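Student: In the working numbering, the protein residues as written are 158 to 264.
Structure provided below as structure tokens; questions to follow.
What follows is the structure, encoded as structure tokens:
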């Protein structure tokens with residue numbers, strides 16, 4: 158009979174069963190949590206109004222597929238959510254804008 162070593166080495170830091178207790182959070186979770194522009198009713202209404210006014214076409218190439226609402230002047234540099242600052246772009250044209258995917262502000 159051959160004796161093999163166990164493949165699972167016991168962890169010296171885990172001794173016995175650990176009991177955890179959950180406490181209630183100090184600050185209650187708000188009922189209305191902002192879930193981003195995709196879930197924001199005001200943004201969605203504004204997008205539908207602009208689509209109706211501008212005939213649901215990309216401002217650059219004229220495509221009618223996969224349209225996104227793009228801010229010409231971003232919020233982080235003082236742009237607002239007014240119709241004059243918003244334009245419809247297809248996903249391809251939106252991806253080519255200088256501010257698309259710019260996460261340098263998060264670092």
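We put the beta carbon where it would ideally sit given N, CA and C, even for glycine.
Computed from a prediction, not measured in an experiment: that's the story for all the values here.
1) Could you have a look at residue 264 and say whether DSSP puts it in helix, strand or coil?
2) If you draw a straight line from the C-alpha of residue 210 to the C-alpha of residue 220, how long is it?
3) Name the one or two DSSP bridge partners that residue 227 has.
4) Cα separation between residue 166 and residue 160?
5) Could you tell me the alpha carbon to alpha carbon distance between residue 168 and residue 177, rounded to whole angstroms?
6) Please determine, among 228, 218, 189, the residue with the shortest C-alpha to C-alpha distance to residue 207.
7) Is residue 176 helix, strand or coil by DSSP?
Tutor: Based on what the coordinates show:
1) Within the chain shown, residue 264 is the residue found at index 107, counting from 1. Low confidence applies to residue 264: its pLDDT is 47, below 50, so where it sits in the model is not reliable, and the reading given next is rough at best. Collapsing the DSSP output to three states places residue 264 in coil.
2) Numbered from its first residue, the chain shown carries residue 210 at position 53. Numbered from its first residue, the chain shown carries residue 220 at position 63. Residue 210 and residue 220: Cα-Cα distance of roughly 16 Å.
3) Walking along the chain shown from the start, residue 227 turns up at place 70. Beta-bridge pairing links residue 227 to 244.
4) The residue labelled residue 166 in the question sits at position 9 within the chain shown. The residue labelled residue 160 in the question sits at position 3 within the chain shown. When rounded, the distance between both Cα atoms is 16 Å.
5) As a first step, residue 168 must be located in the chain shown, where it is residue number 11. As a first step, residue 177 must be located in the chain shown, where it is residue number 20. A straight line joining the alpha-carbon of residue 168 with that of residue 177 spans about 19 Å.
6) In the chain shown, counting from the first residue as 1, residue 207 sits at position 50. Answer by Cα proximity: 228.
7) As a position in the chain shown, residue 176 is number 19, starting the count at 1. Correct three-state label for residue 176: coil.
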